[in-house]
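Notes follow once the structure below has been shown.
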Amino acid sequence: MKYGLKALIIIALVALASGCTRINSSPGVPIVPNSRWGMAIFANNTEIPQAGYRAMSITAGVLRSKGVRSLAIYPSTANCNKLIVCPNSVPPLSAVLSWAKARHLNYVMMGAVNEWDYKVGLDGEPTAGVSLQLYSVGNGALVWSSVGSKIGTSRSGLAVIAQSLINEMLSCLKIC
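Numbering (mature numbering (1 follows the signal peptide of the UniProt record, and there is no 0)), first residue to last: -17 to -1, 1 to 159.
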């Protein structure tokens, strides 16, 4: 009984420390080795300035760490240098696919940030919610999609939670 209670406490602490993650993804698809990728600016569905840019930057880094060697970023038309808040200037899919075809890219990653904040309260846990879509440039078909959310602990940073979430979301893609 004494050991059972200790085991239960340890399991509860591990579960509490790990935060809560929810991910729904379509089945993983094999990616052609040495593919050329593009990425468009992520939609920012939050009130946090430039959350879409932040999530896009993290996603680009995670993709590169997983073996994506060639990654072009869709040019932004927003002039954010003079603005405190950058407008949500997400290009339409047709424009992104045309841009990608002109550059002979194989895949384009698009996404949206649905939550990017710290919860209100004494603990202030970081929360991130992201959706990702991968399109084949050749036929414009959606080949993979994933949506996920993660809540961290009060000792976690938002970027750490977001990177962990995006890494888990991309883990089912077979890149390399």
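Using N, Cα and C, we set each Cβ at its ideal position, and we do this for glycine too. A quick note: this is a predicted structure, and the numbers were derived from the prediction, not measured.
#1: Measuring straight from C-alpha to C-alpha, what distance separates Y36 and P58?
#2: Applying the criterion that 16 or more other CB atoms from any shown protein chain within 10 Å of the CB defines a buried residue, is W95 buried or exposed?
#3: Pick out whichever of I6, I14 and I149 has its Cα sitting closest to the Cα of N89.
#4: Going straight from the alpha carbon of G112 to that of N97, what length do you get?
#5: Along the chain, which unbroken stretches of the alpha helix (DSSP H) at least 4 residues long are found entirely within the stretch 63 to 126?
#6: Using only the alpha-carbon positions, how far apart do M22 and T110 sit?
#7: Tell me, to the nearest whole angstrom, how far the beta carbon of S119 is from that of V126; I am working on the premise that it is less than 8 angstroms.
#8: Only counting the same chain, and skipping five residues up and downstream in sequence, which positions put a Cβ closer than 8 angstroms to that of K84?
#9: Quick one: grab the DSSP three-state call for residue 162.
#10: What do you get for L105, buried or exposed, if any count of 16 or more other CB atoms within 10 angstroms of its CB means buried?
Working from what's here:
#1: Here the question's residue 36 lines up with position 53 in the sequence shown. Here the question's residue 58 lines up with position 75 in the sequence shown. So the alpha carbons of these two residues sit roughly 12 angstroms apart.
#2: If you number the sequence shown from 1, residue 95 lands on position 112. In the sequence on display, residue 95 carries Ala and not Trp. Under this definition A95 is a buried residue.
#3: Along the sequence shown, one-based indexing puts residue 89 at 106. When C-alpha distances from N89 are compared across I6, I14 and I149, the shortest belongs to I14.
#4: Taking the sequence shown and counting its residues from 1, the one referred to as residue 112 is at position 129. Taking the sequence shown and counting its residues from 1, the one referred to as residue 97 is at position 114. Rounded to whole angstroms, the gap between the alpha carbons of G112 and N97 is 5 angstroms.
#5: List check, alpha helix (DSSP H) in window: 76 to 85.
#6: Residue mapping note: residue 22 aligns to position 39 of the sequence shown, counting from 1. Residue mapping note: residue 110 aligns to position 127 of the sequence shown, counting from 1. M22 and T110 have their C-alpha atoms roughly 23 angstroms apart.
#7: By 1-based counting over the sequence shown, the position of residue 119 is 136. By 1-based counting over the sequence shown, the position of residue 126 is 143. That pair is a contact at about 5 angstroms.
#8: Numbered from its first residue, the sequence shown carries residue 84 at position 101. Residues of the same chain with a CB within less than 8 angstroms of the CB of K84, apart from the 5 flanking positions on each side, are V120 in chain order.
#9: One cannot answer for residue 162 here, as it falls past the ends of the chain, which runs -17 to 159.
#10: As a position in the sequence shown, residue 105 is number 122, starting the count at 1. Burial call: exposed.
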